[in-house]
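Asks: Encoded as structure tokens, here's the structure I'll be asking about.
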Amino acid sequence: MTLQIKSLEQYQEAYKNSVENPEGFWAEQAETFTWFEKWHTVLHHDFVTPDVRWFEGGKLNITVNCLDRHIATKGDQTAIIWEANEAFEPSKRYTYKQLLAEVNKCANTLKAQGVKKGDRICFYMPMIPEVAIAMLACARIGAIHSVVFAGFSANALADRIKDAECKMVICSDYNRRGPKNIPVKDVVDEAISMGCASVEKVLVYKTTGGKVNWNSNIDIWWHETVDTMSDQCEPEVMDAEDMLFILYTSGSTGKPKGVVHTCGGYMVYTCYSFKNVFQYQDGDIYWCTADVGWITGHSYILYGPLLAGATTMMFEGVPGHPDAGRFWHVCEKHRVNQFYTAPTAIRALMAAGWHEPEKYDLSYLKVIGSVGEPINEEAWHWYDEKVGRGHAPIVDTWWQTETGGILITPLPGITDTKPCFASYPLPGVQPVLLDANGVELEGNNVEGLLCVKFPWPSILRTTYGDHERCRTNYFAAFKNYYFTGDGAKRDEDGRYRIIGRVDDVINVSGHRIGTAEVEDAIDQHSGVVESAVVGYPHDIKGQGIYAYVKPHHEVVDAEHFRREILAVVTKHIGPIAKPDKIQIVTQLPKTRSGKIMRRILRKIAEGQTDQLGDTSTLLNPECVEELKAGALE
Ligand code: PRX
């Protein structure tokens, strides 16, 4: 079984070992899985090209490790518990045996529709067990899943379908989110009508059974096909470095990029990190509240827990529905042992009911986690006191879509916790802080740019269809380092504290949004000359979106204009990217070379108008007073 660290000494030893002999360390972990054929080379890496390969020559199928290999010992154990949107609806359970059968049926459906190894399949699904079943079905036959969060707009979905040239889309008819019932099949239809020529079939799971438009040339009902298939399906033999999935994420420039993860390394790392970070024991009930549209859902609802033979819970709804006690009610109801959520949810629940968790029995909790954005001190203490209650330490886990798994985190009960600190690297992870010139900052009590100097098994391999973009985004800033885009501090004991993005990425409620993407969307409005978007501190969302918009003509009805801007952003990206504040301006501050001076705009958005620094070098310094005067509270 995967090594589980149990003491500080073991952590220190494992860490030392993983740095001195990374290949030996990870080979030992990899040995614990089922391979059709063993690898011939543990690691090949070059961070310049970049070219990273783990367990080359190894043949495997990740679903054999998620499912088949547990059948003998855990066939009747619950693999997935599903909690519905509505609290009064019964939960559903799938044992490992049942899940394998469902995955095989779905895999046979995909095959029957002509899906082959290497084909890309786009998902636009709610949080229902079928999303897990279908993702695993892809992996079973070697198809590559590309899950798109079902809150993105038709335009955003179409961009992603086209970029990956997906052959099929898997969606539901409707998506229940709290009090809403969103017609998602309509969004898929609209996206496909935008020139997604690669899509041959759309597989639709019926949730609420409302009205949908049906095109019998391409649309297929899940219940009419999957349910009729055989529950036996031979797993495809995959190379360790074959693609497992693509997941789109925002960067500082251009459109979102498709981060690529491969089979072998991702499997080894997600299982290892899951078992250690959550200290999962057989029989525990583990719940991660993320959506599978994000990397957290991939690695720590689906793959990590199933690889470890855990019972993992999926939740269809949202934190505040029907009330602010829902999370705690679900924890009590299922006797959840490990709970993993995002700071934005913690802050929202804290604001909605300071004492709410006290009404529930949370005594089964052993570990509580946080992910996706920096957790502020107040939220950390509230979570610790009201939810952890002295018996469940907080693991503030830092990682990214690109890292595939958690890289920096406390180990519960093993390393100490300190508010707002992600603390120490997991074994196999070698973080460094660099100064702006790329020089490694030695010693403690330093602050710099967070980079990693050695590959771990689940590091991204490329960005889909554009390797050069992968190189320039992550490996070109500092030679021989993977650059994370985050700034961090190292305290006197070597613990890391993540400060936040140092690039033009905003983290809104734990969702990564590129300022360039939002600006592109705003600029689609015919009345807009140009715009500039920055982040600012927001009590609940962590960061809010502040947009400065320059219109062609004087705006007569500012409120109407703002509503139009919100609509255009919703249309091109989705509601999650809607600016919280829109300041209408006649000029944007420009450098003499014509670049927008974002530093000034950030300071104004943050309300620090007295800290603008030297503005005399601007091409148009006179605009500063107007910007300050028009700043929105
Ligand atoms: O800025 C960091 C922040 O989220 C970014 C990664 O976002 P994404 O790829 O969407 O993945 C989120 C889930 C893993 C990082 O560059 N971030 C993530 N976790 C933390 C964090 N910031 C501070 N503390 C964290 N624990």
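The opening position of the sequence shown corresponds to residue 42 in the numbering used here, with each subsequent residue numbered one higher.
Don't be surprised by glycine CBs; every beta carbon is placed ideally from N, CA and C.
Remember, predicted model here, so these are calculated numbers, not experimental data.
1) Is the CB of residue 98 under 9 Å away from at least one CB in chain C?
2) Under DSSP, the beta strand (DSSP E) around residue 137 begins and ends at which residues?
3) Could you tell me whether any non-hydrogen atom of ligand 1 is closer than 8 Å to the CB of residue 417?
4) Is it the case that the CB of residue 409 approaches a heavy atom of ligand 1 more closely than 8 Å?
5) Answer yes if the region 276 to 289 comes into contact with the region 479 to 488, meaning at least three C-beta pairs across the two stretches below 8 Å, and no otherwise.
6) Please confirm whether residue 230 and residue 254 have their CB atoms less than 9 Å apart.
7) Compare the Cα-Cα distances from residue 110 to each of 94, 138, 100 and report the closest residue.
8) Near residue 277, which residues of its chain fall below 8 Å by C-beta distance, leaving aside the five closest residues on each side in sequence?
9) If you measure between the beta carbons of residue 326 and residue 405, is that distance less than 9 Å?
10) Taking C-alpha atoms, which residue in 455, 177, 217 lies nearest to residue 128?
11) Mapping the DSSP letters down to three states, classify residue 302 as helix, strand or coil.
12) Flag this pair as touching only if the region 467 to 477 and the region 542 to 555 have three or more C-beta atom pairs under 8 Å; answer yes or no.
13) In whole angstroms, give me the CA-to-CA distance for residue 152 and residue 188.
14) Looking at the secondary structure, which residues open and close the beta strand (DSSP E) in which residue 221 lies?
15) Quick one: using the 10 Å Cβ neighbour count with 16 as the cut-off for buried, is residue 613 buried or exposed?
16) Pop quiz: residue 148 and residue 173 are said to be a contact at Cβ under 8 Å. What is the actual Cβ separation, rounded to whole angstroms?
17) Looking at the structure shown, is residue 52 part of a helix, part of a strand, or coil, going by DSSP?
18) I think residue 384 touches residue 528, with their Cβ atoms under 8 Å apart; what is that distance to the nearest whole Å?
19) What are the complete alpha helix (DSSP H) segments, minimum 4 residues, inside the region 337 to 403?
20) Using the C-alpha atoms, what's the distance from residue 438 back to residue 462?
21) Under 9 Å between the Cβ atoms of residue 587 and residue 569?
22) Looking at the structure shown, is residue 640 part of a helix, part of a strand, or coil, going by DSSP?
23) How big is the Cα-Cα spacing for residue 51 and residue 408?
24) If you draw a straight line from the alpha carbon of residue 272 to that of residue 150, how long is it in whole angstroms?
25) DSSP on residue 122, reduced to helix/strand/coil?
26) Taking only the alpha-carbon atoms, compute the straight-line gap between residue 31 and residue 55 and give it to the nearest angstrom.
27) Exposed or buried, what is residue 673 when buried is set at 16 or more other beta-carbons lying within 10 Å of its beta-carbon?
28) Any idea what DSSP makes of residue 260, helix, strand or coil?
29) Which class does residue 250 belong to by DSSP, given the choice of helix, strand or coil?
30) DSSP on residue 481, reduced to helix/strand/coil?
31) Answer yes or no: do residue 500 and residue 236 have a C-beta to C-beta separation smaller than 9 Å?
32) On a CA-only basis, which of 244, 315, 553 is nearest residue 28? Give me that one, please.
33) Expressed to the nearest angstrom, what Euclidean distance is found between the alpha-carbon atoms of residue 47 and residue 320?
34) How is residue 508 classed by DSSP in three states: helix, strand or coil?
35) Does the distance from the C-beta atom of residue 232 to that of residue 199 stay below 9 Å?
Replies: Checking against the coordinates, here is how it stands:
1) Here there is only one protein chain, and chain C is not present.
2) From DSSP, residue 137 is part of no beta strand (DSSP E) but of the alpha helix (DSSP H) over 137 to 153.
3) no
4) no
5) no
6) yes
7) 138
8) 102, 158, 181, 182, 183
9) yes
10) 217
11) strand
12) no
13) 19 Å
14) 221 to 223
15) buried
16) Contact doesn't hold; Cβ gap of about 13 Å is too wide.
17) helix
18) That belief does not hold up - the Cβ atoms of residue 384 and residue 528 are roughly 17 Å apart, past 8 Å.
19) 345 to 348, 367 to 375, 384 to 393
20) 9 Å
21) no
22) helix
23) 19 Å
24) 10 Å
25) strand
26) Within the shown structure, residues of the chain are numbered from 42 to 674, placing residue 31 beyond reach of any answer.
27) exposed
28) strand
29) coil
30) strand
31) no
32) Examination of residue 28 is not possible in this model, given that the chain is present from 42 through 674 alone.
33) 8 Å
34) helix
35) yes
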